[in-house]
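Remarks on the structure that follows.
Numbering (our numbering), first residue to last: 15 to 397.
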């Protein structure tokens, strides 16, 4: 005998969920909408595997996602394998090893699930969906702008309202702190204080650099105001190059997407650790979670690249519901041509598997709005 409670077959590990109708269908439709927009701009789809050998997945830019990676042993080779927590390092690998001779700029798109060790996004989920693009080869503001413009078009296509793009430049903060000559312990405390936006702690640990860092903390906000404040700060030349690139990227984005809502936070450095230049996080009014994030990084073989990964599951919570196919019940004996014509017209047909008797009642039971009568779809409530 055992005192253990009976096993619940519906129980799933924390952070994993079943997606049921209509949510699963809506997410799949949303992903395909995003992929159509990507393809229309010349981004070719690739499909990397969910699982790779550990040393492959976590090499190059993939080393930055090691702490979020599930590992398991391959029973055939006895080598360790890893489940991807993010698809960007895989695209970097594909570009360097499978597509090295394809002319640059190389434009790639992808979509699929990822697995996280724990939820670092605030939504509690450890299996997440991603859909994104990577632009590999050029290192210029116009490339960064193309990625942001593409995300803006995707969200407009899905009718997401109140979208804003928050631009950051992690390299600026890192270069500024490195120029201060702090020892490792003080540097760690200072970086944590900046991450928490704790001005008092920055004052304690920042030494002679504290006034500049505090001024940068207060520079966050709408892009033009933040850039004006940043331009007025006395920065070393090695740091000024990063602020200049940030300003050039803002100008390139606004030229490509007039009226876009941009904010700038010069001290923010959240995101995957592999980002090396301008980074972006995407938000929507009333939505706590990020709709996506991306930025500039070095692909494998130190090739310049930038990209942006969207979260279709979160986007669909911010977007108006996608229209569902109207369901039409086909009573027993309906000729196949009627069903084929309805499906070609965008309907979803549900066929009877036997003589159900009351076709209207059966249509209602199966959540069909229409039922075929004399070869024509009729409202269930109207017959």
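Quick reminder that beta carbons are idealized off the backbone N, C-alpha and C, glycines included.
Just so we're clear, the structure is a prediction, and the values are computed from it rather than from any experiment.
Within 9 Å (strictly less), CB to CB, does residue i reach chain B?
i           : result
residue 240 : The structure shown contains no chain B, having only a single protein chain.
What residues match up with residue i in a beta bridge as DSSP calls it?
i           : result
residue 70  : According to DSSP, which records beta bridges pairwise, residue 70 is partnered with nothing at all.
residue 304 : Answer by DSSP bridge pairing: none, since residue 304 is not bridged.
residue 391 : 386
residue 148 : 122 and 321
residue 87  : 94
residue 128 : 142
residue 279 : 182
residue 177 : 298
residue 25  : None; residue 25 has no bridge partner.
residue 380 : Residue 380 is not bridged to any residue.
residue 65  : 97
If distances are taken between C-alpha atoms only, which option among the options comes closest to residue i?
i           : options               : result
residue 319 : 335, 334 and 291      : 291
residue 106 : 306, 81, 146 and 27   : 146
residue 52  : 345, 289, 95 and 122  : 122
residue 332 : 396, 83, 91 and 40    : 40
residue 314 : 102, 27, 31 and 90    : 102
residue 229 : 177, 237 and 246      : 246
residue 197 : 70, 221, 178 and 175  : 221
residue 60  : 21, 28, 115 and 120   : 120
residue 126 : 138, 289, 64 and 113  : 64
residue 255 : 177, 168, 273 and 190 : 190
residue 273 : 132, 28, 253 and 179  : 179
residue 83  : 335, 43, 100 and 353  : 100
residue 302 : 110, 91 and 177       : 177
residue 340 : 237, 359 and 22       : 359
residue 74  : 109, 55, 37 and 88    : 109
residue 249 : 156, 22, 232 and 193  : 193
So what's residue i in DSSP terms, helix, strand or just coil?
i           : result
residue 238 : helix
residue 289 : strand
residue 142 : strand
residue 188 : helix
residue 59  : strand
residue 257 : helix
residue 79  : helix
residue 45  : helix
residue 364 : strand
residue 33  : coil
residue 154 : coil
residue 169 : helix
Starting from the C-beta of residue i, find all residues in its chain whose C-beta is less than 6 Å away, skip the five residues before and the five after it, and write them out in chain order.
i           : result
residue 409 : Limits of the chain in this structure are 15 at one end and 397 at the other, which puts residue 409 out of reach.
residue 163 : 270 and 271
residue 45  : 125, 145 and 326
Starting from the C-beta of residue i, find all residues in its chain whose C-beta is less than 8 Å away, skip the five residues before and the five after it, and write them out in chain order.
i           : result
residue 304 : 135, 295, 296, 297, 325 and 328
residue 260 : 181, 183, 186, 241, 244, 278, 280 and 292
residue 357 : 363
Between which residues of its own chain and residue i is the CB-CB distance below 7 Å, once the five residues before and five after are set aside?
i           : result
residue 171 : 47 and 51
residue 148 : 102, 105, 122, 319 and 321
residue 205 : 191
In chain order, each alpha helix (DSSP H) run of at least 4 residues that lies wholly inside the segment 295-355: Complete alpha helix (DSSP H) runs here, min 4: 326-332.
Ranges of the alpha helix (DSSP H) found wholly within the segment 195-231, counting only runs of at least 4: Considered as a whole, the segment 195-231 harbours 198-209, 213-219 and 224-231 as its complete alpha helix (DSSP H) runs of no fewer than 4 residues, in chain order.
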